[in-house]
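Structure first, commentary second.
Numbering (our numbering), first residue to last: 35 to 400.
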């Protein structure tokens, strides 16, 4: 079975206005980094050790804005202000704010840790292993310079790398609001359709699908049938399973207009995880699709069994399926290596706005 992603082979063109884009995902040496569309950034460096199939690492998060909160985690846990670490094999202690004077900010000890790591080769956390947990710092400086640049901290006093006298940074970008329209309830099972509609959808699928991605239902005698979800009285979202592997499957989506009998590709708002660019157009495959009630979500499991991959969700706004969240994890077996690339709030038809929790990791589960 070929490798597919949630947005496999997305043929996207700018058909509709799109929101402010994210800054994308980068890799520098042993470090990975991504910033989402609010300018919240995270960097992750790996441990070379394999503990029962699960590898650990060091994660550095920084919120946008000049006073954006810094968070440093090892093995998913915050580094305490009494932690002893080894930098290039030499003992170092994370100083507490109290020991640095009453005027010191709580974030200063964390900046001090970063400063000491920038020109080092390794950081070691004491542990059960004889040599501790060793994190490579190759690429850390480049990754944090990229973070400074994306957050507008070049030349700022509290920059990680590019320090200066500036006392400002780019302010946080507001998360976009997707205005979801009310759709008839259908659930994930869909609604019944006339056989002739199903045949028309499958004929269109066979004529237009990307056969480098899809390999199900391509023969006229195939028993594959679409599932229909109503978007309004006259418009149906049609889902066709187009590939299936041992642990997951993929779907393509179309819109069927009952009044005119016309069929077209369902428009998706999509994010390029490398460049941060947003486009709207045809999505040639959604892995692990879950559709119904005006929403579509996808989960691509890396290696088939998970441990890494990509999670995406969309909501119908009457014109397109708008992106509401996207998270990405390229490193398998690293528990804290997932990056949130994009988030949006959803305003429902009743006017209620879905809040965004500051530290919620619900859309980063693989």
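Where a beta carbon is used, it is the ideal one built from N, C-alpha and C, also for glycine.
Practice task
Would you please state the rounded distance, in angstroms, between the beta carbons of residue 100 and residue 190? I believe it to be under 8 Å.
Solution key: The residue labelled residue 100 in the question sits at position 66 within the chain shown. The residue labelled residue 190 in the question sits at position 156 within the chain shown. Confirmed, about 7 Å.
Practice task
Just mark residue 317 as buried or exposed, buried being the case when its beta carbon has 16 or more other beta carbons within 10 Å.
Solution key: As a position in the chain shown, residue 317 is number 283, starting the count at 1. So residue 317 counts as buried.
Practice task
Hey, could you find the ends of the alpha helix (DSSP H) residue 421 is sitting in?
Solution key: There is simply no residue 421 to check, as the chain begins at 35 and stops at 400 in what is shown.
Handout entry: Length at least 4, wholly inside the segment 201–242: the alpha helix (DSSP H) runs in chain order
Key = 229–242
Practice task
Would you kindly check if the distance between the Cβ of residue 390 and the Cβ of residue 354 is under 8 Å?
Solution key: Taking the first residue of the chain shown as 1, we reach residue 354 at position 320. Taking the first residue of the chain shown as 1, we reach residue 390 at position 356. It is not a contact, given that the beta carbons lie outside the stated cut-off.
Problem - Nearest to residue 168 (by Cα), restricted to the options 272, 91, 58, 264 - result: Taking the first residue of the chain shown as position 1, residue 168 is located at position 134. Nearest option by C-alpha distance: 91.
Practice task
Could you tell me the distance, in whole angstroms, from the CA atom of residue 297 to the CA atom of residue 372?
Solution key: In the chain shown, the residue the question calls residue 297 occupies position 263. In the chain shown, the residue the question calls residue 372 occupies position 338. Computed Cα separation, rounded: 37 Å.
Practice task
Quick one: give me the first and last residue of the alpha helix (DSSP H) that residue 269 is part of.
Solution key: As a working note, residue 269 is residue 235 in the chain shown. Where residue 269 is concerned, there is no enclosing alpha helix (DSSP H), although the beta strand (DSSP E) it sits in stretches over 269–278.
Exercise for the section: Tell me whether residue 236 is buried or exposed, calling it buried when 16 or more other Cβ atoms sit within 10 Å of its Cβ. Expected result: The sequence position of residue 236 within the chain shown is 202, counting from 1. With 16 or more other Cβ atoms within 10 Å, it is buried.
Exercise for the section: State the CB to CB distance for the pair residue 215 and residue 123, rounded to an integer number of angstroms; the pair is presumed to be in contact (CB under 8 Å). Expected result: The residue labelled residue 215 in the question sits at position 181 within the chain shown. The residue labelled residue 123 in the question sits at position 89 within the chain shown. In fact, because the Cβ distance is near 60 Å, the residues do not count as touching under 8 Å.
Problem - With 16 other Cβ atoms within 10 Å as the buried cut-off, status of residue 295 - result: The residue you call residue 295 lines up with position 261 of the chain shown. Residue 295 should be labelled exposed.
Practice task
Assign residue 334 to buried or exposed, taking buried as 16 or more other Cβ atoms, counted over all protein chains shown, within 10 Å of its Cβ.
Solution key: To locate residue 334, count along the chain shown from 1; it is residue 300. Per the 10 Å Cβ criterion, buried.
Exercise for the section: Output yes or no for whether 8 Å exceeds the beta carbon distance between residue 239 and residue 195. Expected result: The count along the chain shown starts at 1 and reaches residue 239 at position 205. The count along the chain shown starts at 1 and reaches residue 195 at position 161. Cβ distance not < 8 Å, so residue 239 and residue 195 don't count as in contact.
Handout entry: Residue nearest to residue 76 in terms of C-alpha spacing, selected from 110, 376, 385, 93
Key = Numbered from 1 along the chain shown, position 42 holds the residue referred to as residue 76. Per the Cα distances, 93.
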